[in-house]
Amino acid sequence: MNTPITRIATTAFTYGFVGLMAFLSIFPFVWMLLGATNSSIDIIKGKMMPGSALATNVSAFFTQVNAPLVFWNSAKIAILATILTLAVSSLAGYGFEMFRSRYRDRIYSALLLTMMIPFAALMIPLFIMMGKAGLINTHLAVVLPTIGSAFIVFYFRQTTKAFPSELRDAAKVDGLKEWQIFLFIYVPVMRSTYAAAFIIVFMTAWNNYLWPLIVLQSNDTKTITLVISSLASAYYPDYGVVMVGTILATLPTLAVFFFMQRQFVQGMLGSVK
Amino acid sequence: MALARRGGIGRYYNVNGWLFVAPALGLIALFMVYPILWSLWMSFQSGRGMMLKFAGFANIVRLWNDPVFIKALTNTLTYFVVQVPIMILLALILASLLNNPKLVGRGFFRTAIFLPCVTSLVAYSVLFKGMFAHDGIVNATLEAIGIIGEPIPWLTHPFWAKVLVILAITWRWTGYNMIFYLAAMQNIDKSIYEVARIDGVPAWARFTHITVPLLKPVILFTTVISTIGTIQLFDEVYNLTEGKGGPSNATLTLSLYIYNLTFRFMPNFGYAATVSYVIVVLVALLACVQFFAARERDR
Chain C
61 MNTPITRIAT
71 TAFTYGFVGL
81 MAFLSIFPFV
91 WMLLGATNSS
101 IDIIKGKMMP
111 GSALATNVSA
121 FFTQVNAPLV
131 FWNSAKIAIL
141 ATILTLAVSS
151 LAGYGFEMFR
161 SRYRDRIYSA
171 LLLTMMIPFA
181 ALMIPLFIMM
191 GKAGLINTHL
201 AVVLPTIGSA
211 FIVFYFRQTT
221 KAFPSELRDA
231 AKVDGLKEWQ
241 IFLFIYVPVM
251 RSTYAAAFII
261 VFMTAWNNYL
271 WPLIVLQSND
281 TKTITLVISS
291 LASAYYPDYG
301 VVMVGTILAT
311 LPTLAVFFFM
321 QRQFVQGMLG
331 SVK
Chain Z
9 MALARRGGIG
19 RYYNVNGWLF
29 VAPALGLIAL
39 FMVYPILWSL
49 WMSFQSGRGM
59 MLKFAGFANI
69 VRLWNDPVFI
79 KALTNTLTYF
89 VVQVPIMILL
99 ALILASLLNN
109 PKLVGRGFFR
119 TAIFLPCVTS
129 LVAYSVLFKG
139 MFAHDGIVNA
149 TLEAIGIIGE
159 PIPWLTHPFW
169 AKVLVILAIT
179 WRWTGYNMIF
189 YLAAMQNIDK
199 SIYEVARIDG
209 VPAWARFTHI
219 TVPLLKPVIL
229 FTTVISTIGT
239 IQLFDEVYNL
249 TEGKGGPSNA
259 TLTLSLYIYN
269 LTFRFMPNFG
279 YAATVSYVIV
289 VLVALLACVQ
299 FFAARERDR
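Here it is, written out as structure tokens:
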């Protein structure tokens, strides 16, 4: 079975398959980067060489779109959502793991069940609620429904199992109150958990589309995802301009991912254990 | 309550614990539990805009006679049935290949294959729409290497539009699932594989008889979240097929139909809520089936 020929064939197959998959995964990014330097016609025709239209595309993008405002809108929503979600979910994850109550497990199961609720079933009531609260066209309306996330609570509770209880006991003996233990011991010790959760929540918030599409109707509140979507849905989309937009929309999440990659994989490990 | 009344330490624990979980529970109650119950109530009402009247089961009856709904339901289920198994299997194979420590450059391969799930659903949909245009780069390449004789109408043919949606979501999510499997594989004792290798168990059998059974809980988890994701598909179809749901509704999904019913056509919140409850029921049903199937095989 393990003859040199089958071994070579297996190795060749492995590298061929993995290499092809890696190529297919990266290709759209390469196409996007090259696209930003080419004219719309060249992009569609599949020119795979850098062109000379980068300056034209960038300036066209900046004249068609109020880029700083759009970028700021996205950043504001993503950062606000991330900070609030991490705060609320880590408190709950800590609470569910550290405190005993006879209702705890039942409430926790019910909480996990809410993960199964599809957003489509919430959007109409949520839209009416936001309308009644006068929050349509505000970024608060985008952020509010995303803060309470059963998935992130679950993630924090899973990783809290690895938090050494000796630390908590020692702090108690020293007379620290529960919120002090949380703030001054738990948060610093669990920073890689926070980093991984940061990536997940930030990306989700930055990339969110359906809910902002419903709530943000005026041009000055729109996020970058909404803007590139509308640029690309023109009858004759200018692909050079669209490429500049997709690059700008992808860069922040790409940067967050690369800066925090190590923590991300560690955090994932924690959630699977 | 009884526990709290016993006083002392039990009471202290309870009050503190509740304070820690209260913000999350409050927000979820307000923005998930309350709206889901509200939309259940709404699904028994009918009317235009906010002028809703109780209509009993009229909306449910209307579902059966609504060809657009049937189309959206069939499409959604088609995506689910075709795409989820392909993606899970592909992610498993990739994870087990990339888990081999002897593989040169596995760090690069992992990052490359994971990269798509950093992009936004909208951004990659827009990219795919350009790449799969009639005279676009994909058709040009396939023609150049002689796989196809004439361009494939990816965006305008009912069948190919569906294929494109499936290709797109597979591209976006395979790496995401792969990361879960890789993480879980780190926890498998390496000596199990060593023993199997010494006993002459071939690689394929090691994969099906060791890796897959040991990863079953993680596979179940990823299958359930992929199911939930696919049943709710919206961003991709909206952006690939210009919000219409493709040529003669060929790519229309349930979520997109709800959006159209609420914000594009004459708004009918009651009927839209009924369609949204179809998604709730589907998700619950499919998740139950998956949990049940996983448990059955345990025996």
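Those sequence lines, one after another, are chains C and Z. Just so it is clear: in the first sequence, position 173 is 233 by the working numbering, and no numbers are missing. Just so it is clear: in the second sequence, position 5 is 13 by the working numbering, and no numbers are missing. Where a beta carbon is used, it is the ideal one built from N, C-alpha and C, also for glycine. If you're wondering where the values come from, they're calculated on a predicted model, not measured in any experiment.
Any chance you could list the beta strand (DSSP E) runs of at least 3 consecutive residues sitting entirely within the region 178-214 of chain Z, in chain order? none
Under the three-state reduction of DSSP, which class applies to Z/Phe-62: helix, strand or coil? strand
Exposed or buried, what is C/Pro-248 when buried is set at 16 or more other beta-carbons lying within 10 Å of its beta-carbon? exposed
CA-to-CA distance, Z/Val-173 to Z/Arg-180, given in whole angstroms: 11 angstroms
Amino acids of chain Z, ordered along the chain, whose beta-carbon sits closer than 9 angstroms to that of C/Gly-208: Correct list: Pro-31, Ala-32, Leu-33, Gly-34, Leu-35, Ile-36, Ala-37, Leu-38, Phe-39, Met-40.
Excluding sequence positions up to five away, which residues of its chain have a Cβ less than 8 angstroms from the Cβ of C/Met-183? Leu-270, Trp-271, Ile-274
Within 8 angstroms, do at least three Cβ pairs link the region 198-211 of chain C to the region 78-85 of chain Z? no
Which residues in chain Z sit within 9 angstroms of C/Phe-121, going by Cβ to Cβ distance? None at all; the shortest Cβ gap to chain Z is about 14 angstroms.
Do the CB positions of Z/Ser-263 and C/Thr-285 come within less than 9 angstroms of each other? Annotated as distal: Z/Ser-263 and C/Thr-285, with beta-carbon spacing of 9 angstroms or more.
So, at 7 angstroms on beta carbons, what are the nonlocal neighbours of Z/Ile-218 in its own chain, with the 5 sequence-adjacent residues on each side left out? Ile-200, Tyr-201, Ala-204
Please name the residues in the region 125-138 of chain Z whose beta-carbon is closer than 9 angstroms to at least one beta-carbon of chain C, in chain order. Cys-125, Val-126, Thr-127, Ser-128, Leu-129, Val-130, Ala-131, Tyr-132, Ser-133, Val-134, Leu-135, Phe-136, Lys-137, Gly-138
Residue environment, Z/Lys-170, which counts as buried when at least 16 other CB atoms sit within 10 Å: When all chains shown are included, Z/Lys-170 counts as buried.
Taking 7 angstroms as the limit between beta carbons, can you name the residues of its chain near Z/Pro-255, skipping five residues before and five after? Thr-164, His-165, Pro-166, Ala-169
Please name the residues in the region 135-157 of chain C whose beta-carbon is closer than 7 angstroms to at least one beta-carbon of chain Z, in chain order. Val-148, Ser-149, Leu-151, Ala-152, Tyr-154, Gly-155, Phe-156
Assuming Z/Thr-325 is part of the alpha helix (DSSP H), what are its boundary residues? Because chain Z spans 9 through 307 in this model, residue 325 of chain Z falls outside it and cannot be assessed.
Leaving aside the five residues before and after Z/Ile-196 along the sequence, list all residues of the same chain whose C-beta is less than 6 angstroms from its C-beta, in chain order. Leu-222
So, for Z/Ala-281: in the same chain, excluding its five sequence neighbours on each side, which residues have a beta-carbon less than 6 angstroms away from its beta-carbon? Ser-47, Met-50, Ser-51
Rounded to whole angstroms, what is the Cα-Cα separation between Z/Pro-275 and Z/Pro-93? One C-alpha to the other measures close to 36 angstroms.
Kindly list, in the order they appear in chain C, the residues whose Cβ is closer than 7 angstroms to that of Z/Gln-240. Pro-178, Phe-179, Ala-180
Which runs of the beta strand (DSSP E) fall wholly inside the region 257-284 of chain C and span at least 3 residues, in chain order? Qualifying beta strand (DSSP E) stretches: none in this window.
At 7 angstroms on the CB atoms, spell out the chain C contacts of Z/Trp-46, in chain order. Pro-185
Segment contact flag, the region 305-324 of chain C with the region 145-155 of chain Z, C-beta cutoff 8 angstroms, min 3 pairs: no
Run of the alpha helix (DSSP H) containing C/Met-189, from where it starts to where it stops: Start and end: 183-192.
Taking the alpha carbon of Z/Leu-97 as the point to measure from, which residue in Z/Tyr-184, Z/Arg-272, Z/Ile-239, Z/Glu-158 has its own alpha carbon closest? Z/Tyr-184
Residue from C/Pro-64, C/Asp-298, C/Leu-204 with nearest C-alpha to C/Ile-139: When only C-alpha atoms are compared, the closest one is C/Leu-204.
In the DSSP assignment, find the unbroken alpha helix (DSSP H) run with Z/Thr-270 in it and report its ends. Run containing Z/Thr-270: none; DSSP gives neither H nor E here.
For Z/Asn-108, would you say it is in contact with chain C, using Cβ-to-Cβ distances shorter than 9 angstroms as the test? yes
Do you know offhand how far C/Val-130's Cα is from C/Leu-200's? Distance between the alpha carbons of C/Val-130 and C/Leu-200: 16 angstroms.
Close beta carbons around Z/Tyr-189, own chain, < 7 angstroms, minus the five adjacent residues each side: Ala-99, Leu-100, Ala-103, Leu-223, Val-226
Would you kindly work out how many angstroms separate the C-alpha atoms of Z/Leu-175 and Z/Val-134, rounded to a whole number? 14 angstroms
Just tell me which of C/Pro-312, C/Thr-313, C/Thr-198 has its CA closest to the CA of C/Ser-278. C/Thr-198
Out of curiosity, what's the CA-to-CA distance linking Z/Leu-246 and Z/Thr-261? Per the sequence presented here, residue 246 of chain Z reads as Tyr, with Leu not at that position. Cα to Cα, Z/Tyr-246 sits roughly 9 angstroms from Z/Thr-261.
Contiguous alpha helix (DSSP H) assignments of at least 4 residues, all confined to the region 106-181 of chain C: 114-124, 127-158, 164-173
For C/Gly-153 versus C/Thr-220, is the C-beta distance shorter than 9 angstroms? The answer is yes: Cβ separation under 9 angstroms.
With DSSP collapsed to three states, give me the class of Z/Gln-91. helix
Taking all protein chains shown into account, do 16 or more other C-beta atoms lie within 10 angstroms of the C-beta of Z/Val-146, making it buried, or fewer, making it exposed? buried
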